[in-house]
Amino acid sequence: LASDYREMLECIRCGACLNHCPIYSSVGGHAYGWVYPGPMGSILTPLLTSLEQSHALPNACTSCGRCGEVCPANIPLPDLLRDLRHEENSRKLSAGRWRRGLTLHAWLARHPKLYQALTAIAIRTLHLFGRKRGSFTRLPMAAGWTSQRDFPAPQGKTFMQQYKARLKRIAEQRNEH
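In terms of the working numbering, the sequence shown opens at residue 69 and continues consecutively.
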């Protein structure tokens with residue numbers, strides 16, 4: 069642990085990061101598969117076992133930064149998680165399909181109009197195929213997810229479409245008064 073991650077040695081195991089982590093609150097501690105759950109576990113476990121064995125844990129992070137904001141020891145948890153993800157990527161520990169998917173996402177993020185159009189098509193398609201049951205028991209591109217749980221079908225509109233519709237409704241309500 070006396071490495072680039074030495075700041076983890078200052079952790080007092082107070083659990084503040086756990087209480088503010090959206091992933092931990094959704095999946096609980098058992099999903100981490102070892103002694104230390106939550107953000108600190110996503111850093112400590114790969115360091116104490118091996119990154120090869122536990123490379124999925126740093127990727128469970130949403131990068132919201134809440135854990136770093138509430139840490140009383142001021143450990144830069146989001147930075148350490150990002151460093152582990154970078155190390156995992158540079159050592160090519162994740163599946164090639166995963167790395168290609170991230171590369172595609174990075175490219176699409178640089179082309180927002182195309183990203184928005186493709187996202188709208190994908191969400192609409194998933195909505196149409198999944199509306200009868202409300203979820204999917206098997207999705208080829210999400211086999212790791214659907215092997216353990218159902219994947220909920222989206223409601224049919226992207227977040228931005230819903231957001232713009234909401235803003236429009238609010239503006240119309242203001243104009244009525």
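Glycine included, every Cβ here is placed at the ideal spot set by N, Cα and C.
- Going by DSSP, His195 is part of the alpha helix (DSSP H) stretching over Pro180 to Gly198.
- Between the beta-carbon of Leu152 and that of Ile91 there is about 15 Å, and that puts the pair past the 8 Å contact cut.
- Asp218 has its alpha-carbon roughly 13 Å from the corresponding atom of Pro208.
- Among the bridge pairs identified by DSSP, Phe219 is matched with Phe204.
- The residues Gln184, in chain order, have a CB closer than 8 Å to that of Met228 in the same chain once the five nearest residues on each side in sequence are set aside.
- Taking a C-beta distance under 9 Å as the contact criterion, Leu148 and Tyr73 qualify as a contact pair.
- In the structure shown, Arg159 falls within a coil segment according to DSSP collapsed to helix, strand and coil.
- Taking 9 Å as the cut-off, the beta carbon of Pro140 is found no closer than this to the beta carbon of Glu75.
- Assignment of Trp166 by DSSP, reduced to helix, strand and coil, places it in the helix class.
- The three-state secondary structure of Ala211, taken from DSSP, is helix.
- Classified as exposed, Gly169 has fewer than 16 neighbouring CB atoms from the shown chains inside 10 Å of its CB.
- The C-beta separation of Leu176 from Leu186 comes to about 7 Å, placing the pair in contact by the 8 Å criterion.
- Ranking Leu196, Lys200, Arg234 and Glu155 by CA distance to the CA of Pro114 puts Glu155 first.
- Exposure of Pro220 is indicated by the presence of fewer than 16 other C-beta atoms within 10 angstroms of its C-beta.
- Listed in chain order, the beta strand (DSSP E) runs fully inside the region 77-113 amount to none, counting runs of at least 3 residues.
- Apart from sequence neighbours up to five positions away, the residues of its chain that approach Thr117 with a beta-carbon distance below 8 Å are Trp102, ordered along the chain.
- Nearest neighbour of Ala188 by Cα position, chosen from Arg178, Lys225 and Gly83, turns out to be Lys225.
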